[in-house]
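Asks: Quick one: this structure, given as structure tokens, is what I'll be asking you about.
In my numbering, the protein residues as written are 155 to 283.
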């Protein structure tokens with residue numbers, strides 16, 4: 155097995171059934187952390203497609219995960235997972251990419267995941283009561 159030293163609780167080199175219950179729970183959290191890490195990077199790639207400045211978002215994601223890699227408190231880890239999930243949701247549903255095309259002109263690049271609840275108009279007619 156490959157060691158995952160950067161995950162909470164350190165690396166895993168034993169089969170799961172040999173881990174005590176607390177360590178098995180930590181492994182479940184480690185899997186959640188890894189999944190969140192991958193999801194954040196996939197979302198970043200979609201939101202900031204073909205944008206060199208998106209490198210800053212990549213660096214920030216990596217820094218935040220590295221800062222918290224030694225965290226062992228299950229409550230704190232769950233809190234950090236919740237924050238990361240919220241950030242991913244906001245990125246996916248609320249951030250839109252704009253590309254400079256001319257002086258004072260931006261071309262917006264919408265994605266299918268964007269929320270459109272805040273549109274000031276509606277294409278569909280409303281029924282009269």
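Note that beta-carbon positions come from the ideal geometry of N, C-alpha and C, so glycine has one too. Since we're looking at a predicted model, the values are computed, not measured.
How far does the beta strand (DSSP E) with residue 253 in it reach, from first residue to last?
Replies: Its beta strand (DSSP E) spans residues 251-256.
Asks: Using only alpha-carbon positions, find the residue among 186, 215, 182 that is nearest to residue 197.
Replies: That would be 215, whose Cα lies nearest to the Cα of residue 197.
Asks: If distances are taken between C-alpha atoms only, which option among 206, 237, 203 comes closest to residue 218?
Replies: Of 206, 237, 203, the residue nearest in Cα terms is 237.
Asks: Does the distance from the CB of residue 212 to the CB of residue 195 come in under 8 Å?
Replies: Result yes, Cβ atoms of residue 212 and residue 195 sit closer than 8 Å.
Asks: Relative to the alpha-carbon of residue 185, which residue among 202, 203, 235 has its alpha-carbon at the smallest distance?
Replies: Taking only the C-alpha atoms, the option nearest residue 185 is 235.
Asks: DSSP three-state call for residue 266: helix, strand or coil?
Replies: If DSSP states are grouped into helix, strand and coil, residue 266 belongs with coil.
Asks: So for residue 259, helix, strand or coil by DSSP?
Replies: Residue 259: strand per DSSP, three-state reduction.
Asks: I believe residue 253 touches residue 260 by the beta-carbon criterion, under 8 Å. Please report the beta-carbon distance rounded to the nearest angstrom.
Replies: That pair is a contact at about 7 Å.
Asks: Measure the alpha-carbon distance for residue 231 versus residue 242 and round it to whole angstroms.
Replies: When rounded, the distance between both Cα atoms is 16 Å.
Asks: Going by DSSP in three states, residue 200 sits in which element: helix, strand or coil?
Replies: Looking at residue 200 - three-state DSSP - the assignment turns out to be helix.
Asks: Write down the C-beta distance between residue 187 and residue 249 rounded to the nearest angstrom, noting that I regard them as a contact closer than 8 Å.
Replies: Contact flag wrong, Cβ pair sits at about 23 Å.
Asks: When you compare only the Cα positions, how much space is there between residue 157 and residue 183?
Replies: No answer about residue 157 holds up, because its pLDDT of 46 lies below 50 and its placement is not dependable.
Asks: Give the secondary structure of residue 239 by DSSP, where H, G and I count as helix, E and B as strand, and everything else as coil.
Replies: Residue 239: helix per DSSP, three-state reduction.
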